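For the record, the sequence lines run as chains L and G.
Under my numbering, the residues of the first sequence are numbered 1 to 153, in order.
Under my numbering, the residues of the second sequence are numbered 1001 to 1771, in order.
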Amino acid sequence: MEIEVSFVLNGKRVTVKAPPAKSLLRVLREDLDITSPKPGCEAGECGACTVLLDGKAVTSCLVMISQVQDREIWTDEGLVKDGQLDPIQKAIAEEGGSQCGYCTPGFVMSAKALLNSNPHPTEKEIVESISGNICRCGAYPRLVQAIKKVANE
Amino acid sequence: MPEVEAVKLASEEILQQGYSYINRSYQRVDALDKVTGKIKFFSDMKIEGMLFARVFRSSVAHANIVTLDTTEAERLQGVRAVLTYKDVPGLNAYGAIIPDAPVLGYGKVRFYGEPLALVAADDQETAEKALGLIKAVYEPLPAVHSMDESLKPEAPKLHDRGNIARHALILKGDVDRAFKDAHLTLERTYRTQSQKHMFLEPEAGIAYTDELGNLNILAGGQNPYRDKMQVARSLNISPEKVRVINYPAGGAFGGKDDVTVQIHLALLATKTKRPVKLVWNREESGIGGFHRHPSLITLKTAVNDDGRLLANDSHIYLDTGAYQSFGPTVLDVTIEVINGPYLIPNIRIDANLVYTNNGISSAFRGFGGPQGNFAIESMMDEMAEEMKMDPIDFRLKNLAKSGDIGPFGNSMRNMEGIHEALSRLRNSPLWQLGKELPPKPWIRRGTGVAIAIKGVGFGTIPDYPTAAVELLPQGKIKVLFSNPDYGQGVNTGNAQIVAEALDLPMNEIEVVNADTQYSPDTGSSSASRGTFTSGNALLVACNKMLDRLRMEAALYLESTRDGIEYASGRFLIKGNESKSVSIYDLAKGLRAKGETLKFEGTFEVPRYPEPVKGTLEVPHVVYMYGAMVSSIELNTLTGYLDVKNVDLMADIGNVINPLLATTQCEGGIVQGLGFATSEELVYNQDEKPMNTNYTTYIVPSIADIPKMYVEFIKTYEQYGPYGAKGMAEIPIVPVGASIANALKQASGVRYYQLPLTPGRVLSKLHDQGQG
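This is the structure in structure tokens:
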């Protein structure tokens, strides 16, 4: 059985047909060609599929498509406006916070969720905000540095 | 391209020599594609009409295969192919050194998760369902769970040749006599575990046959030309018909050095004549993917009354699992590091590569180095302690100097860097931290040191990397080489090397990475050889290009090749700078004449002509060095080890890009932290790996990492591109020993086994009455 779900993706309304329990991650990747959220584990453990759902960072592999009717979703792709990078994207590039790059969009979105709700976080808050994201290349200190850089701007 | 401030430059002096693009912290060339999520990994790719593949794997570790029935799976609607060993037209085996692992199993199964059949279907769900319809009947054989079991005379034999895949014996001097004369002899046994790579992107790829009939394989990998060879060998087709692209990959760390999905994809795409995508899931990566060799090492080590090392007798066992993959050469690296960078007159190394039914061990950053280092650097610490010597003094006293003859008859070169690194560690504030009062009565503090040596490249194995630069008349230089960039930054480093060689801005340099259709064979990204091999080959190529262009410019400027000079993309007449021509205009002229604008360069990696007897590739000419100090807080109530700080002083030669080098070192330390404290793949009674996901197999998160300080000692490697060596592996090698040594200082208890998980730490604390 498929249901029709309509939601706002990166500022534009989209409508998809999908089985109700299909994960948001798979709908984004398979049906909408949004591939920045990555299936690192598909069990909510690695954070590589993090997106913003009504402003909060969530692992999209654990969200069912039937849960997102009329809600607002942002992915890493959506943060680029008129060719201009979001400050957090720019800062992660400059500070060396991305190595292989596979986990990067997830970190961008976790950081974005923090900075949206708390523009001047403490170091502890920064660490908490990305503690659900795994970076196996180990770029953690640089990611913290990048978030601090944006917070101080 | 923005240059990032913040990281200190490797060498002020070298900068003063006038480099424009070297020693500078450019952000990685693919950074913007990565931070915006624009970059497409192969697991992100879709091709019109593609099929989805899955691998049917054994659910037993050791058994004879009685029957393998795929008929029901074949009948399922939407299934386009089901393949077994009968469908492998060429060699049904793969393996980077010796192909001994079946592409698709037959006869006998040797590990849990061995691939036995392949399915390609119209969609994921159908492929998944088809797996459930394949029926394998096994006649179970007793499984070999560990090296201890495997080495027993009555152990079941995994292979016809027995359970020892490789044995090596290396002798120097007379250890037995040295032990008789020794002031003190210690004998200790060290164990390390199976570590998983846990890259965020599992093994993945996509394959299709193009309109010319060539097989294209796009898969995360570390050596496109070896992949190409292994694919062609198993499909029994000419390598010319195979194109492999390995860039980008979402992490590799050695775990994608041997083939994973490549041959399976090739078989399915050829059979179905459709594009096929294969992405392993997380559990499958844990079960079917490679891991680091567990080790069992006994050292018997002696000193004289002055604290000078007299002898080191090592017995090394590495668990290669069911097949060899990189095992033989991993064993060589353990052999090479087991005496550290020390001067030891009497040496015996008895090294063994052992088969078990524990998956397949293969390459993993450090490649046998972290295992050997944990043993020798734990031993050095204990020896210093027994001799009542400072651990740094003890090491400095025994450290080889430039010109000394090393353990393998090799001349030790450029030892000043590690001497300086180790001496300067003494100033690290971490030594003082250990002396401060701990915050709580049940917390104890400790600080530990370890040093490391690791070769760059393949030692005595002939290595002739080729790379190319291509002049594009529209105003760009294409840089082509095959060592894949899976996050290390070799694309960026090489862009800087070419920018420096041609005196051109970074935005005129375009990198084409790891595509066998365009990139010449520069070999693998492994053994910390990327920058050293491709950087050198590119310098040869750049010189060839400038040489050809100089002739053309002389003609154009009506001068001679000695009458003109080159700067920033233009040739000028000496003393008359108003007359000049750009290389891009010269390119147009050359193209009009039908000449190639692509210039290839090949570099001969310096090596000793023959390996030391008993080894495959020992020693190296170029070594990296590192000195590390770690400070920890031990909670004696829980056994939890909080690693507070890690300082690394590294000699990696001249540093091409300080930011990328520093971040790569930090990443290596973080992986080493996991190796030291939390990561261990465990098997159940059936030899099934039990902890394959991120909640059961614990890799460090942001909450676990120490404060890290990385500094590069000012050195210059004469054989390196602009003085660079390599660097990827050196930061991970000493982490285990430095943390175990810190734990000894904190607890009074010495641990001989990694990882130092709370359970293991606490249990030994209690046994020794320190809990």
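Each residue gets a CB set at the ideal place from its N, CA and C atoms; glycine is no exception.
Source: prediction; values computed, not measured.
Among G:Leu1051, G:Gly1132, G:Met1383 and G:Pro1438, nearest to isoleucine 1632 of chain G - alpha-carbon criterion: G:Pro1438
Segment contact flag, the region 1267-1282 of chain G with the region 1308-1316 of chain G, C-beta cutoff 8 Å, min 3 pairs: The answer is no - the region 1308-1316 of chain G does not touch the region 1267-1282 of chain G, with fewer than three Cβ pairs under 8 Å.
Glycine 1769 of chain G to glutamate 1139 of chain G span [Cα, whole Å]: Going by the C-alpha atoms only, they are around 48 Å apart.
Outcome for valine 1007 of chain G when other beta-carbon atoms lying within 10 angstroms are tallied against a minimum of 16: Per-residue confidence for valine 1007 of chain G stands at a pLDDT of 36, beneath the threshold of 50, marking its modelled position as unreliable; no derived number is given.
Short CB-CB distance (under 7 Å) between lysine 1034 of chain G and chain L: yes
Interface partners of arginine 13 of chain L on chain G, CB under 9 Å: Ordered by position in chain G, no residue passes the 9 Å Cβ test against arginine 13 of chain L, which lies about 21 Å from the chain.
Interface flag, threonine 35 of chain L vs chain G, CB-CB below 7 Å: yes
Identity of the residue in G:Ile1461, G:Val1511, G:Val1175 and G:Tyr1751 nearest glutamate 1617 of chain G by Cα: G:Ile1461
Buried versus exposed, by CB contacts within 10 Å (16 or more), glutamine 1324 of chain G: buried
Sequence-distant residues of the same chain with beta carbon closer than 6 Å to glutamate 1013 of chain G, five excluded per side: Any reading at glutamate 1013 of chain G must be qualified, since the residue scores a pLDDT of 44, below 50, and its modelled position is unreliable; the value itself is stated next. Nothing meets the Cβ criterion.
Test: threonine 1663 of chain G CB closer than 7 Å to a CB of chain L: yes
Candidates G:Ala1178, G:Gln1432 and G:Leu1169, of which the one nearest methionine 1353 of chain G by Cα: The identity of residue 1353 of chain G in the sequence shown is leucine, whereas the question assumes methionine. When each option's Cα is compared against that of leucine 1353 of chain G, the closest is G:Leu1169.
Three or more C-beta pairs below 8 Å linking the region 1355-1362 of chain G and the region 1392-1401 of chain G: no
Tyrosine 1106 of chain G versus G:Ala1121, G:Gln1124, G:Val1137 and G:Val1119, residue with shortest Cα-Cα distance: Of the residues G:Ala1121, G:Gln1124, G:Val1137 and G:Val1119, the one whose Cα lies closest to the Cα of tyrosine 1106 of chain G is G:Val1137.
Residues, ordered as in the chain, of the region 1682-1713 of chain G that lie near chain L by beta-carbon distance below 7 Å: Asn1693, Tyr1694, Thr1695, Val1699, Ser1701, Ile1702, Ala1703, Ile1705 and Met1708
Rounded C-alpha distance that separates isoleucine 1652 of chain G from tyrosine 1716 of chain G: 9 Å
Minimum C-alpha distance to glycine 230 of chain L - residue among G:Ser1025, G:Trp1431 and G:Gln1517: Nothing in the structure corresponds to residue 230 of chain L, since chain L is present only between 1 and 153.
Whole-angstrom distance between alanine 1249 of chain G and alanine 1740 of chain G, CA atom to CA atom: Each residue's Cα considered, the two are about 33 Å apart.
Neighbour-count burial assignment, isoleucine 1573 of chain G, 16 or more Cβ in a 10 Å radius: buried
Against chain L: residues of the region 1108-1133 of chain G by CB proximity under 8 Å: none
Contact set between glutamine 84 of chain L and chain A, taken where Cβ atoms lie within less than 8 Å: Included in the structure are the protein chains L and G, with no chain A among them.
Between the CA atoms of alanine 91 of chain L and valine 144 of chain L - distance to the nearest angstrom: 10 Å
Spatial neighbours of serine 6 of chain L in its chain, beta-carbon cut-off 6 Å, leaving aside the 5 residues before and after: Thr15
Boundaries of the alpha helix (DSSP H) in which arginine 1591 of chain G is found, first to last residue: 1583-1592
Three-state class that DSSP yields for arginine 1226 of chain G in the structure shown: helix
Element boundaries [beta strand (DSSP E), containing asparagine 1536 of chain G]: Segment 1530-1556 is the alpha helix (DSSP H) holding asparagine 1536 of chain G; no beta strand (DSSP E) there.
Rounded straight-line distance, which links the Cα of valine 1337 of chain G to that of glutamate 1005 of chain G: With a pLDDT of only 39 at glutamate 1005 of chain G, under 50, the local geometry of the prediction cannot be trusted, and the value read off the model is given with reservation. Roughly 36 Å separates the two Cα atoms.
Interface partners of isoleucine 65 of chain L on chain G, CB under 8 Å: Chain G residues near isoleucine 65 of chain L: none, gap ~16 Å exceeds 8 Å.
Whole runs of the alpha helix (DSSP H) within the region 1041-1077 of chain G, excluding any shorter than 4 residues: 1071-1075
9 Å Cβ cut-off: residues of chain L touching proline 1248 of chain G: Cys100, Gly101 and Tyr102
Contact list for glutamine 1671 of chain G against chain L, beta-carbon separation under 7 Å: What glutamine 1671 of chain G touches in chain L: Gly138.
Straight-line gap, glycine 1563 of chain G to isoleucine 1583 of chain G (C-alpha atoms, nearest Å): 17 Å
Identity of the residue in L:Pro19, L:Lys17, L:Cys135 and L:Asp76 nearest isoleucine 1039 of chain G by Cα: Among L:Pro19, L:Lys17, L:Cys135 and L:Asp76, the Cα nearest to that of isoleucine 1039 of chain G is on L:Asp76.
CB-CB length for proline 1706 of chain G against valine 1643 of chain G, believed under 8 Å: 4 Å
Reduced DSSP category for proline 1328 of chain G - H, G, I as helix; E, B as strand; rest coil: helix
Environment of isoleucine 1022 of chain G [buried if 16+ CB atoms lie within 10 Å]: buried
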